[in-house]
């Protein structure tokens, strides 16, 4: 159980560190705690008090739904729209959401899935911006206004 909780904390912390280094409002601690909390909730329904597997197989599904819905509200708190219409905070909200998923995955002990997902998410966070800029140059997208702005 301790290994699962530590893995969740580490996975969330790794992604949160990226947000922290980019000066975002939700950083290392927020992401690590979201992931840890999701792992705790998952483990709590997965195992009974005596350590045996829980008898209600639907409980994990209900907890997953609750975690992902609840974390959506936390993620929404970092999304902002300025008067001009530019939206910020979407990537941070997405990393908060994926940290909840990673916590559930760690809580269930799916190590390969956890490692692959952390790696792919890290790749998207590290190389996503340069790839977006390259695509904008290649396709000559005009960034003068918000994407949904019509004249």
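Residue numbers (my numbering): 551 to 701. A virtual CB, placed ideally from N, CA and C, is assigned to each residue, including glycine. Bear in mind that the values here come from a model prediction, so they are computed numbers and not experimental data.
Task: Which of helix, strand or coil DSSP assigns to residue 637 - done: strand
Open item on the list: Please return the same chain residues whose Cβ sits closer than 8 Å to the Cβ of residue 586, not counting the five positions on each side in sequence.
Closed with: 555, 558, 559, 562 and 653
Open item on the list: Taking the alpha helix (DSSP H) that residue 579 belongs to, which residues open and close that run?
Closed with: 578-596
Task: Distance between residue 583 and residue 686 (C-alpha atoms, nearest Å) - done: 35 Å
Task: Residue interval of the alpha helix (DSSP H) (run including residue 621) - done: 608-626
Open item on the list: What residue range does the alpha helix (DSSP H) around residue 663 cover?
Closed with: 661-689
- [ ] Inspect the CB distances between the stretch 611-622 and the stretch 631-649 and report whether three or more fall short of 8 Å.
- [x] yes
TODO: State whether the stretch 563-577 contacts the stretch 669-676, with contact taken as three or more CB pairs (one from each stretch) at a distance under 8 Å.
DONE: yes
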